[in-house]
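Read the sequence shown against the numbering used here and you will find it ends at 415, with the numbers running on by one and no gaps.
Note that beta-carbon positions come from the ideal geometry of N, C-alpha and C, so glycine has one too.
Small disclaimer: the values here were computed from a predicted structure and weren't measured.
One structure below.
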Amino acid sequence: MSEDPSHTVIVSVFRHLADPEIESTREHNWAVIYATLDWKTQKYNTYSKVPTSSPKYISKSLEANRTGLSKTIQAMLDAGPNCKDVPAFAPDGLFSSPVQIHLPRGDDGPALHLSWDDGAFLIGENGSYHLNVPEIELDIWIDATKPMMLHGHDGETLHDKTGSMFYYSWPRTQAVGVYQGEKVMGTAWVDHEFSIGGESKQNPEALSYGWNWFSLLSSGVKDMEICITQVVNEDDIIEQYVLCNDETGQSYKDIEFTLASSKSWVSGHTFQNFDTCWKLKIPSRNVDLDIISVTPNQEFQTWLRMPSFYEGAVRFSGVWDGVPIKGFGAMELTKGTDELKSMKQILNNATSLVRQELDICIPTSVRPNHFNRITRVRFDKYEEKVIQENIVDAFYMLNNRGGKNW
10 MSEDPSHTVI VSVFRHLADP EIESTREHNW AVIYATLDWK TQKYNTYSKV PTSSPKYISK
70 SLEANRTGLS KTIQAMLDAG PNCKDVPAFA PDGLFSSPVQ IHLPRGDDGP ALHLSWDDGA
130 FLIGENGSYH LNVPEIELDI WIDATKPMML HGHDGETLHD KTGSMFYYSW PRTQAVGVYQ
190 GEKVMGTAWV DHEFSIGGES KQNPEALSYG WNWFSLLSSG VKDMEICITQ VVNEDDIIEQ
250 YVLCNDETGQ SYKDIEFTLA SSKSWVSGHT FQNFDTCWKL KIPSRNVDLD IISVTPNQEF
310 QTWLRMPSFY EGAVRFSGVW DGVPIKGFGA MELTKGTDEL KSMKQILNNA TSLVRQELDI
370 CIPTSVRPNH FNRITRVRFD KYEEKVIQEN IVDAFYMLNN RGGKNW
């Protein structure tokens with residue numbers, strides 16, 4: 010990541026611990042997703058893979074024989090307003106080769122060695138990794154240049170509310186390699202989050218939680234690494250903290266801060282509302298940062314987390330300890346995984362958008378001369394009143410009945 014980035018590439022590998030007594034469940038707990046952004050063209054692409062042994066209802070939705078509901082949802086997404094604003098919806102693909110764990114032999118070999126589709130692999134340990142993903146033409150070597158960052162309480166997060174999770178980062182690593190046929194050099198942020206004890210011990214309520222997460226790298230006078238994390242349940246903040254490694258290598262943690270949205274973007278596919286401009290304030294440290302999405306349309310649609318989440322690049326500027334700083338980073342926003350709440354949210358957002366579009370053509374209150382451009386006929390005030398009472402009011406009465414005016 011330089012003063013003027015050319016690309017942002019995000020690669021995520023997921024594994025849920027399977028029941029060891031059920032051999033058939035081991036493979037389908039893996040998934041891999043990629044997101045790429047070209048800063049110059051603002052083109053954002055996403056890719057996601059699940060194994061061939063994934064649950065049948067997911068596999069069925071990926072194949073030609075899709076259910077009526079799946080087709081209806083797809084038609085709704087394709088017909089949504091402003092669809093040119095977001096990439097075309099692409100269902101999750103299937104692994105051509107399942108994710109494999111290669112265990113080290115004795116003291117030889119790295120602690121981590123994964124391989125999957127078409128020769129893709131991730132090898133390394135302790136902040137040094139080699140990542141190769143042929144599907145997106147990425148082959149890079151990563152080496153940590155700053156100390157490890159421990160999240161939560163000395164690496165343990167959500168320990169008192171949702172079951173133990175462990176989370177650490179290598180927040181600033183040098184990345185060198187090849188991307189899309191060209192030699193590249195930049196900066197990477199490496200995360201590792203995991204749990205011990207299996208899915209059955211995790212609090213079910215945790216599955217409905219969402220989060221606002223930011224990784225920020227400054228450049229210039231203050232060479233800093235900043236991570237902002239908020240775990241939320243609708244309007245309630247379950248956990249929040251800001252971690253910072255400053256230019257001297259010292260680490261700080263703050264839990265008293267405000268993170269407020271100042272601008273949002275509504276997806277033309279899923280009708281989800283994502284906040285794309287944020288302000289971070291930490292009064293005790295004289296911190297005031299503005300964080301802005303590089304481009305609004307960085308929505309990641311996947312059946313792995315319905316209906317979608319936000320994963321993309323940001324730039325930021327402001328003051329830290331009263332000193333001006335700026336830089337770039339990444340942002341991840343999720344709404345939780347409660348399907349009933351998600352569907353309600355989609356319907357509410359869709360209704361709101363349709364109301365706005367209807368009001369442009371047929372305003373709830375007739376404006377003077379509004380219908381001239383449609384009928385090319387000028388109405389006087391009395392005629393406009395008649396139109397309001399007999400056409401517009403009647404239209405909205407029928408349109409709003411049942412609450413599904415779209």
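- Per DSSP, reduced to three states, the secondary structure at Thr55 is strand.
- Annotation for Arg24: Asn38, Trp39 place their beta carbon closer than 6 Å to its own, counting only its chain and skipping 5 residues before and after.
- Taken through DSSP and simplified to helix, strand or coil, Thr360 comes out as helix.
- No residue range can be given for Val401, since it is assigned to no alpha helix (DSSP H) and is classified by DSSP as neither H nor E.
- Distance from the CA of Ser276 to the CA of Asn282, rounded to the nearest whole angstrom, comes to 7 Å.
- Its Cα nearest to that of Gly102, the residue Ser57 stands out among Cys370, Gln109, Val193, Ser57.
- Taking C-beta atoms as the reference points, Ala339 and Thr55 fail to come closer than 8 Å.
- In the three-state reduction of the DSSP assignment, Ile396 falls in the helix class, which pools H, G and I.
- Remark: C-beta atoms of Cys236 and Ser178 approach each other more closely than 8 Å.
- Check the Cα spacing between Gly128 and each of Ser105, Gln354, Arg114, Ser15: the tightest is with Ser105.
- For Asp255, the three-state secondary structure derived from DSSP is coil.
- Under the three-state reduction of DSSP, Gly128 is assigned to helix.
- Taking the C-beta atoms as reference points, Val323 is found no nearer than 8 Å to Phe309.
- Around the beta carbon of Val386, fewer than 16 other beta carbons lie within 10 angstroms, which makes this residue exposed.
- Lys344 sits buried, since 16 or more C-beta atoms from the chains shown fall within 10 Å of its C-beta.
- Going by beta carbons, Val332 and Val230 fall inside the 8 Å limit.
- In this structure, Lys155 is the residue among Asp245, Lys155, Phe175, His122 with its C-alpha nearest to the C-alpha of Trp198.
- In the same chain as Phe130, and ignoring 5 residues on each side of it, the C-beta atoms closer than 8 Å to its own belong to His122, Leu123, Ser124, His139, Leu140, Asn141, in chain order.
- The three-state reading of DSSP puts Ser228 in strand, counting E and B together.
- In the three-state DSSP reduction, Leu147 falls in the strand class (E or B).
- Shown here for Gln189: same chain residues with a beta carbon closer than 7 Å to its own, the five before and five after excluded, namely Glu146 in chain order.
- Pairing Phe318 with Ile291 gives a Cβ-Cβ distance that is not under 8 Å.
- Pairing Thr304 with Thr238, the inter-Cα distance amounts to about 21 Å.
- Closest in alpha carbon position to Gly327, among Leu226, Trp220, Gln51, Ile247, is Leu226.
- For His16, DSSP records a beta bridge to Asp47.
- Using a Cβ distance threshold of 8 Å, Arg294 and Asp330 count as a contacting pair.
- A residue is called buried when at least 16 other Cβ atoms come within 10 angstroms of its Cβ; His162 does not meet this threshold and is exposed.
- With at least 16 other beta carbons inside 10 angstroms of its own, Gln307 counts as buried.
- If you draw a straight line from the Cα of Asp299 to the Cα of Ile396, it is about 47 Å long.
- By the neighbour-count criterion, in which a residue is buried when 16 or more other Cβ atoms sit within 10 angstroms of its Cβ, Glu191 is exposed.
- If you draw a straight line from the Cα of Ile149 to the Cα of His379, it is about 59 Å long.
- Leaving aside the five residues that flank Trp222 on each side, the residues in its chain whose CB is nearer than 6 Å to its CB run, in chain order, Thr238, Glu341.
- In this structure Leu112 is exposed. Its beta-carbon is surrounded by fewer than 16 other beta-carbon atoms within 10 angstroms.
- By the neighbour-count criterion, in which 16 or more other beta carbons inside 10 Å mark a residue as buried, Asn254 falls on the buried side.
- Listed as beta-bridge partners of His139 by DSSP are Ile132, Trp150.
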